[in-house]
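Heads up: the sequence shown begins at 328 in the numbering used here, then just goes up one per residue. Virtual Cβ for every residue (Gly too), placed ideally from N, Cα, C. Here is the structure we will look at.
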Amino acid sequence: MNLRALTAASPWRDRVLALVAGLATALAHPPFGILPGLLGYALLLWLLDAIDGPRPLRSAFLRGWLAGLGYFGLGTWWIGEAFLVDAANQGWMAPFAVTAMAAGLALFWGAGAVLYRRLRPAGAVRVLAFAAALSALEWVRGHVLTGFPWNLPGETWRAGSAPSQAAALLGAYGLTFVTLAIAAAPAVWGQGRSGRIALGAAAATLVGLYGGGWLALKTAPSPTAASAPKVRIVQADVQQSAKWDAASFQAIVNDYAALTAAPYADGKPADIVVWPEGALPAAINDYLAPGTWVRQAIMDSLRPGQLLLIGGYRYEGSIEAPVYYNSLVALRREPGDLVMVGVYDKHRLVPFGEYLPAEGFLTAIGFKSMAHLGDGFATGPRPAPLSVAPNLKVQPLICYESLFPGLARPDADVRALVNVSNDAWFGVTSGPLQHLNLASYRAIEAGRPMIRATPTGVSAMVDAQGRVVEGQRLDLGARGVIDARLPAVGRETPASRLGDWPLAILLLVSVAICIGISRIGGQKFAVAKDMG
């Protein structure tokens, strides 16, 4: 009995297979890295084509949604850890949050499945229609309610690997289309000659991804220059739960200060020191106020002329109605004081974490107080380079912002991306490991190295090809510093100039091919009918 007969035997079997397809594709992502799981896309395409009943669009939605439920359930289960930090007040929400997150994100896959079934052409060319429908809805997922483009299919490839280098040309969204088309091609193997052509084209494209990526890595600029700015990344391994304890504040400050002031192996101090997002659990305005012991401790930990980049929250406005920002501030150690030389305010905020969508309504029905949510952050301007020294510009990306392809397109003077993130919220789970992989794609797209600092891991120096520089990584639960020179700037990338246009072009070409094939098929049918 073949697979089609098995699925026809039970209405539940195709639903189970759809869930399996989503789980398999999620397992292909780092840190699991089981790349054969990409065949889950072929299974999903086969399941959508196998629908035979009175309500095909409804069935398509259910199968797509179940596949998405498996994909996002496995890919985002770690968000439950954030609710366990304050378990007494918020622990009860963990299972609901994980389920709601996966079920909500799966709606995009359900919609993509419906779009595919509504528009699919005959023959093997439907692989392009499937890739177009799902990648278009993945783009939508990255933009609705500020977007949540976590684990785009195109980011399945480990950042820094040969296939990942295509992101410099196509961006992560364009690479999503290509990845989906390659992975779904085995579903049309049984279409005769056209199916074999489609599978051969997919195989050739896969070879091109590996071959072109290998060449890009082989010809990349030298990773480091002796004259490059030296950076110290500080990871103090401060658990998020410790920040709720006011008695721990002094110990946290002292720990960061001690690591910052630690001797350098080569005796040459860093030009830039980077602390992560939320390094100190207090408002920047308060602990950097003139005369505070924290300001003095920070100043004493730095060498004269050193820059410190530190993430945290700050406020503006009156005491009665303050406006809060999630920010990165740049401080320079002068002979007698600290001088603030730049401020960057986070632009892309996390829904329900940093701002509350439909706040008036949710407050009125009591959701805000029930979930113990405080006031959110204000949105900063669109990301722009931060000048931290006369000849040194960096592009900050605070936590969540590092997920967004094209959010920060650096100008020619940007030397590096700086990603500060508070991944301590997610404990020792797959979340921080995935976040490193996703953030590293921004380095590939921009052609710039990335300095990444987190409180508990993973902190790293990433080169312009998305590779973690050997020996320059602090994993989950590690305490220490990374002392490294900035890797070289890469070549100017098409992705940094074109943004989402590569995806748009791929979608338009796919639609044109599908329409053309459908019309040719219709004409042949009409001719055959006339001849009959």
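Would you mind sorting residue i into buried or exposed? The rule is 16 or more other CB atoms within 10 Å of its CB.
i	result
residue 732	buried
residue 604	buried
residue 373	buried
residue 667	exposed
residue 542	exposed
residue 835	exposed
residue 623	exposed
residue 620	exposed
residue 412	buried
residue 699	The predicted position of residue 699 is uncertain, since its pLDDT is 41 and thus under 50; no value can be drawn from it.
residue 386	buried
residue 817	buried
residue 478	buried
residue 462	buried
residue 465	buried
residue 579	buried
Output the distance between the C-alpha atoms of residue i and residue j, rounded to the nearest integer angstrom.
i	j	result
residue 677	residue 363	32 Å
residue 599	residue 813	10 Å
residue 539	residue 644	52 Å
residue 564	residue 391	40 Å
residue 339	residue 729	39 Å
residue 745	residue 779	6 Å
residue 502	residue 758	22 Å
residue 500	residue 440	18 Å
residue 762	residue 395	19 Å
residue 825	residue 409	36 Å
residue 608	residue 820	38 Å
residue 537	residue 546	14 Å
residue 655	residue 636	7 Å
residue 345	residue 393	6 Å
residue 749	residue 567	9 Å
residue 377	residue 529	22 Å
residue 597	residue 352	42 Å
residue 432	residue 760	20 Å
residue 841	residue 518	16 Å
Could you check which residue in the options has the C-alpha nearest to that of residue i?
i	options	result
residue 674	340, 735, 821 and 626	735
residue 712	728, 624 and 741	741
residue 755	442, 404 and 745	404
residue 752	617, 803 and 443	803
residue 747	787, 716, 771 and 714	787
residue 398	410, 368, 388 and 414	368
residue 809	561, 529 and 547	561
residue 680	535, 671 and 475	475
residue 527	536, 516 and 537	516
residue 672	660, 709 and 546	709
residue 628	811, 582, 342 and 785	582
residue 764	360, 342 and 348	360
residue 384	432, 343 and 437	437
residue 594	576, 606, 518 and 559	559
residue 587	344, 380, 463 and 626	626
residue 807	791, 782 and 823	782
residue 435	449, 414, 420 and 389	389
residue 375	417, 427, 457 and 606	457
residue 606	570, 612, 613 and 618	570
Pull up the CB-CB distance for residue i and residue j, whole angstroms please, since I reckon it's below 8 Å.
i	j	result
residue 837	residue 455	4 Å
residue 532	residue 505	7 Å
residue 459	residue 521	In fact, because the Cβ distance is near 18 Å, the residues do not count as touching under 8 Å.
residue 406	residue 424	6 Å
residue 489	residue 544	6 Å
residue 830	residue 498	7 Å
residue 631	residue 590	In fact, because the Cβ distance is near 16 Å, the residues do not count as touching under 8 Å.
residue 715	residue 669	5 Å
residue 815	residue 552	6 Å
* Asked: Quick one: any contact between the stretch 722–737 and the stretch 762–778, if contact means 3 or more CB pairs under 8 Å?
  -> yes
* Asked: Is the number of C-beta pairs between the stretch 790–797 and the stretch 496–511 that are closer than 8 Å three or more?
  -> no
* Segment contact, 8 Å Cβ cut-off, at least three pairs: the stretch 345–363 with the stretch 479–489 -> yes
* Is there contact here, the stretch 443–450 with the stretch 491–498, by at least three beta-carbon pairs under 8 Å? -> no
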